[in-house]
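Numbering (UniProt numbering), first residue to last: 1 to 308. The C-beta atom is built at its ideal place from N, Cα and C for all residues, glycine as well. First comes the structure, then the notes that go with it.
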Amino acid sequence: MTSNTHPLNKLTVAPSATQDDAQNHEDQYVHFVYDQIAPHFSQTRYKPWPVIAKFLNSIPSGTIGLDAGTGNGKYLPLSEGRFLMVGVDRSMGLLKFAQLAGESAIPRDVILGDVRDSVWRKGVFDFAISIATIHHLATPERRMDAIVSILNSLAPCGGRALLYVWAVEQDELSKRVVPDVITSDTSSTKVQDVLVPWVMQQDQKPKLKIRSRRGRSKTDPAAQEETDPHLVEHPIVSNDSPVFQRYYHLFAPGELTELATTAATKLNLYIGPKPLEVHTEDQIHGVYISPEGWERSNLYVELTRWST
Numbered sequence: 001m002t003s004n005t006h007p008l009n010k011l012t013v014a015p016s017a018t019q020d021d022a023q024n025h026e027d028q029y030v031h032f033v034y035d036q037i038a039p040h041f042s043q044t045r046y047k048p049w050p051v052i053a054k055f056l057n058s059i060p061s062g063t064i065g066l067d068a069g070t071g072n073g074k075y076l077p078l079s080e081g082r083f084l085m086v087g088v089d090r091s092m093g094l095l096k097f098a099q100l101a102g103e104s105a106i107p108r109d110v111i112l113g114d115v116r117d118s119v120w121r122k123g124v125f126d127f128a129i130s131i132a133t134i135h136h137l138a139t140p141e142r143r144m145d146a147i148v149s150i151l152n153s154l155a156p157c158g159g160r161a162l163l164y165v166w167a168v169e170q171d172e173l174s175k176r177v178v179p180d181v182i183t184s185d186t187s188s189t190k191v192q193d194v195l196v197p198w199v200m201q202q203d204q205k206p207k208l209k210i211r212s213r214r215g216r217s218k219t220d221p222a223a224q225e226e227t228d229p230h231l232v233e234h235p236i237v238s239n240d241s242p243v244f245q246r247y248y249h250l251f252a253p254g255e256l257t258e259l260a261t262t263a264a265t266k267l268n269l270y271i272g273p274k275p276l277e278v279h280t281e282d283q284i285h286g287v288y289i290s291p292e293g294w295e296r297s298n299l300y301v302e303l304t305r306w307s308t
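Shown next, in the form of structure tokens:
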């Protein structure tokens with residue numbers, strides 16, 4: 001590890017969680033933390049990421065969608081005048097910002113809830129997004145449950161979902177330092193379950209934004225974090241600046257696809273593209289899982305439901 005690495009960029013190994021204590025683990029390292037840091041966190045989440053914006057721009061008008069883990073609702077304004085999007089999140093603090101996302105005069109449709117809960121009527125949504133949320137769930141089973149819930153809520157004929165998570169594979173611009181675990185005398189591997197620090201500065205004031213010709217702020221650290229969701233601004237940390245630790249599961253290549261496949265199998269869905277010919281009178285329900293993509297230290301897949 002280089003000596004000039006800022007301590008706030010050093011991830012630490014997260015305590016292990018089991019199915020029995022996973023809820024307490026998430027309450028401590030996810031839900032409590034986001035309620036505490038909601039105002040500060042919301043300041044750094046305002047610019048849509050390109051992959052998600054492209055997906056939402058492809059959604060037909062007159063449809064209804066789900067934002068599972070909406071946070072401060074930064075993607076809800078992209079639906080303006082074209083389709084309806086309902087946001088759900090476990091953080092009441094962030095939902096207060098989501099209600100007014102995009103300076104909307106009318107409160108947006110947001111609900112306090114868990115992304116794992118199957119509270120929606122089957123097939124009610126034409127599309128869904130889950131951005132930077134599933135990686136906060138503490139066990140593989142709970143992460144799979146979230147995808148099961150999303151798949152179940154999608155329209156069986158053409159319903160689409162985009163899942164987006166942090167990756168263990170960091171790009172060259174990321175300042176995050178993922179710890180290693182020794183696997184043998186000659187090799188090591190990156191830790192996947194980590195705690196990510198967040199400093200809450202007292203009486204923090206937004207910094208002046210100086211726009212470049214491309215529209216990106218040169219001095220605003222919030223804009224930096226939007227460009228690189230792993231980047232932490234480096235405030236002057238005093239004894240009065242509490243540091244909150246957030247739990248993340250960093251996904252290995254192929255892991256998100258495997259998780260989506262397991263979730264689809266649990267719902268008895270055929271996995272693959274819709275067949276051109278069907279030699280049976282029985283209706284077949286399936287899902288196409290797009291090739292896994294990687295962008296700026298994130299992994300994503302798109303799921304498309306189909307029926308014969």
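L154 sits away from A146, with the two beta carbons spaced by 8 Å or more. N24 sits in a helix when the DSSP states are folded into three classes. For L56, the uninterrupted alpha helix (DSSP H) run begins and ends at 50-57, by DSSP. Put simply, the backbone Cα of N72 is about 38 Å away from that of T308. Straight across, the Cα-Cα distance linking A260 with M144 is about 7 Å.
Burial is judged here by how many other beta carbons sit within 10 angstroms of a residue's own beta carbon; F32 has fewer than 16 and is exposed. Within the same chain, A155, P156 come within 6 Å of G123 by CB-CB distance, once the 5 residues on both sides are set aside. Taking a C-beta distance under 8 Å as the contact criterion, W166 and L276 do not qualify as a contact pair. Contact fails between the stretch 277-293 and the stretch 105-119, because fewer than three Cβ pairs, one in each stretch, are under 8 Å apart. Classified as buried, K74 has 16 or more neighbouring CB atoms from the shown chains inside 10 Å of its CB. Between A128 and R296, the alpha-carbon positions lie close to 22 Å from each other. Cβ-Cβ separation between L76 and A101: approximately 5 Å, consistent with a contact (criterion under 8 Å). About 11 Å separates the Cβ atoms of I59 and F125, ruling out a contact at the 8 Å cut-off.
The alpha-carbon of A132 is positioned some 6 Å away from that of Y164. Beta bridge pairing from DSSP links S153 with no other residue. Counting only runs of 3 or more residues that sit fully inside the stretch 240-292, the beta strand (DSSP E) segments are 243-249, 285-289, in chain order. Contact annotation, H25 with Y247: C-beta distance approximately 7 Å; criterion of less than 8 Å satisfied. 8 Å or more divides the Cβ of A22 from the Cβ of T189. Pairing P48 with L78 gives a Cβ-Cβ distance under 8 Å. For E80, the closest alpha carbon among the candidates S42, E103, A161, G158 is that of E103.
Of the candidates W294, H279, P242, F244, the residue whose Cα lies closest to the Cα of G254 is W294.
In the structure shown, K96 adopts helical secondary structure according to DSSP, grouped into three states.
Spatial neighbours of G113 in its own chain (CB-CB distance under 6 Å, excluding positions within 5 residues in sequence) are listed in chain order as V88. At least 8 Å separates the beta-carbon of L256 from that of V194. Counting only runs of 4 or more residues that sit fully inside the UniProt domain "Methyltransferase type 11" (66-151), the alpha helix (DSSP H) segments are 92-98, in chain order. Pairing A161 with L303 gives a Cβ-Cβ distance under 8 Å.
In the structure shown, the three-state DSSP call for D193 is strand.
Straight-line measurement puts the Cα of L11 at about 12 Å from the Cα of S174.
The shortest C-alpha to C-alpha distance from N298 to any of P242, M200, R142, S130 is the one to S130. DSSP places A161 in the strand class (E or B) of the three-state scheme. Collapsing the DSSP output to three states places V199 in a strand.
With fewer than 16 other CB atoms across the displayed protein chains lying within 10 angstroms of its CB, Q19 is exposed.
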